[in-house]
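Okay, so the sequence shown: first residue is -2 according to this note's numbering, each after it adds one. Even for Gly, the Cβ is constructed at its ideal location relative to N, Cα and C. Okay, structure first, notes after.
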Amino acid sequence: MHSYLIGSEFVKKISLLGATGSIGTQTLDVIQSHPEQFTLVAMSFGSNIKLGIEIISKFQPSFVAVKDKETYETLKLHFSSNVKFGYGDNALIEAAIYDGVDCLVNAVVGSVGLVPTLKAIENNITIAIANKETLVTAGHLVTEYAAKHNVKLLPVDSEHSAIFQCLQGETDKTIDRLIVTASGGSFRDKSREELQDVTVKEALNHPNWSMGAKITIDSATMMNKGLEVIEAHWLFNMPYHKIDVLLHKESIIHSLVEFQDRSIKAQLGTPDMRGPIQYALTYPDRLPLEKSKRLELWEIGKLHFEKADFKRYKCLQYAYESGKIGGTMPTVLNAANEEAVAAFLKGEIKFLQIEDCIERALDKHESIAHPGLEQIQEVDQLTRNFVQTLIS
Ligand code: NAD
Ligand code: MG
């Protein structure tokens, strides 16, 4: 049975995948600040046991999935209580569809989030999606499943939340263009020559947002914006020629929508991911956001905008091209990027080699149209193997 009643309010039962991450911990902040609205019933995390234990002790979920057996054994010894534990891919699915879950917050990083998302949709669970890799690797499957099961896919990514908020009360056929804003990441003021020898530490230093390592590198290469263009294509059913990227270094305007009468709506706010996370959890309602900073535009004074340069940011170009080709091309884009970014973070390749790896993987691939889940998974694995051989 979904949801139970306290007074006249529904308490939404949440499953949170990626609880120890940047989005995960901010989601927990939101849940904790509205205990009359939300309760955490299931969660997952990878390897941060210390934080995992803190979260379990505090939120007392019924089920916890972890990545590997070792972490699972440690947790079982630590908690003799009523918390149930699991590990591996099946446990991640079990967490996603755990008994009575109303809303799955998918905040894992990478295409590992795909199958749990599809299973949750099959179980009629609303999806709050931060995990953009899932929409990039198999956006057609996710949106088809969601339509078939009449399940809501609510965006958590700030740009997509902004677009979603601008679209409230509008009809699809009046939309002329989506404008996705981009901060430009850690290296926005560097030339391509200067990018040759940048370090991991420099790349991890994002000017506006504090986020997980993978997305911070994606922001520096601009692949993050490329992935977001594909994400917007699927979430809002918009052709690629109607999605633009606009550089806006202050990250105050989170994105915009242009309508056929040339009116443009924008959504603004101080950069704080708890805003879009909470909106996905409360939609279509709004609640006060605890400890939030009011946006005072006079304090900022000026906002800046620039055209996105596709020669400077090759990953953005690759993303548009892969998206337009469709089929398994975005799967290759995503898998190659995940492997290359992991290698860069381990110091195995240089920054600009990330885009080389992606380019070579894309060049080699012949896209398969309308792939099913198994084909997606096979292409994902083959691409990872290919990039691994490039690196070694
Ligand atoms: P993160 O690295 O901080 O956290 C990732 C979480 O996933 C961690 O809890 C980790 O333990 C867990 N995880 C990783 N691999 C796993 C596996 N195989 N099984 C189970 N759990 C696993 O990442 P993040 O910055 O929170 O980003 C999460 C997702 O949200 C990404 O897709 C990212 O692109 C997207 N996103 C993040 C932000 C942000 O501000 N951080 C903004 C927009 C979108
Ligand atoms: Mg974003």
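Taking every protein chain shown into account, the CB of Gln275 has 16 or more other CB atoms within 10 angstroms, so this residue is buried. Per DSSP, the unbroken beta strand (DSSP E) holding Ile124 starts and ends at 123 to 126.
The set of residues with CB atoms less than 7 Å from any heavy atom of ligand 2 reads, in chain order, Asp154, Ser155, Glu156, Asn221, Glu225. The shortest CA-to-CA distance from Glu371 to any of Thr328, Asp360, His362 is the one to Thr328. Straight through space, the alpha carbons of Ser108 and Gln165 are spaced by roughly 29 Å. With a cut-off of 7 Å, the C-beta of Ala127 is classified as near ligand 1, since at least one heavy atom of the ligand falls inside that distance. Residue range 271 to 279 is occupied by the alpha helix (DSSP H) that includes Pro273. Here Asn205 has Ser180, Ser248, Pro268 as same chain residues with Cβ atoms under 7 Å from its own Cβ, once five neighbours each way along the sequence are excluded.
If you draw a straight line from the Cα of Val133 to the Cα of Met219, it comes to about 15 Å.
Close CB contacts of Glu345 within its chain, under the 6 Å cut and outside five residues either way in sequence, are with Ile388 (chain order). In the structure shown, His251 adopts extended strand secondary structure according to DSSP, grouped into three states. Looking from the CA of Asn147, the closest CA among Val153, Asp154, Val139 belongs to Val139. By the Cβ rule, the segment 211 to 228 counts as touching the segment 120 to 131, because three or more pairs are nearer than 8 Å.
By the Cβ rule, the segment 255 to 263 does not count as touching the segment 311 to 327, because fewer than three pairs are nearer than 8 Å. Annotation: Ala92 is outside any beta strand (DSSP E); the continuous alpha helix (DSSP H) that includes it extends over 85 to 93. With fewer than three CB-CB distances shorter than 8 Å, the segment 90 to 99 does not count as touching the segment 190 to 207.
When rounded, the separation of the alpha-carbon atoms in Gly369 and Lys288 is 44 Å.
For Ser108, the distance from the CB to the nearest heavy atom of ligand 1 is not below 7 Å. Proximity of the beta carbon of Val27 to ligand 1 is not indicated: no heavy atom of the ligand is located closer than 7 Å. Using a cutoff of 7 Å, the CB of Trp295 does not count as near ligand 1, since none of the ligand's heavy atoms is closer than that. Checking the 7 Å criterion, the Cβ of Trp206 is within range of a heavy atom belonging to ligand 1. Under the Cβ criterion (8 Å, minimum of three pairs), the segment 39 to 57 does not count as touching the segment 288 to 299. Taking 7 Å as the cut-off, the C-beta of Ser252 does not count as close to any heavy atom of ligand 1. The beta carbon of Phe82 sits closer than 6 Å to the beta carbons of Val61, Tyr69, Leu72, Lys73 from its chain, once the five residues preceding and following it are set aside; these are given in chain order. In terms of Cβ geometry, Phe341 and Ile214 form a close pair [threshold 8 Å]. Taken in chain order, the complete alpha helix (DSSP H) segments of 4 or more residues contained in the segment 8 to 44 are 19 to 30.
Within 7 Å of the C-beta of Thr17 there is at least one heavy atom belonging to ligand 1.
At a Cβ-Cβ threshold of 8 Å, Cys163 and Leu253 count as neighbours.
Distances taken from the Cβ of Glu130 to the heavy atoms of ligand 1 include one shorter than 7 Å. Taking the Cα positions, Ala217 is about 28 Å away from Glu363. In this structure, DSSP gives Pro236 a state outside helix and strand, which the three-state scheme calls coil. Val226 is not a Cβ neighbour of Val153, given a cutoff of 8 Å. For Ala104, the Cβ falls inside the 7 Å cut-off from some heavy atom of ligand 1.
Placement of the Cβ of Ala210 at a distance of less than 7 Å from at least one heavy atom of ligand 1 is found.
With 16 or more other CB atoms across the displayed protein chains lying within 10 angstroms of its CB, Lys211 is buried.
DSSP places Arg291 in the coil class of the three-state scheme, outside both helix and strand.
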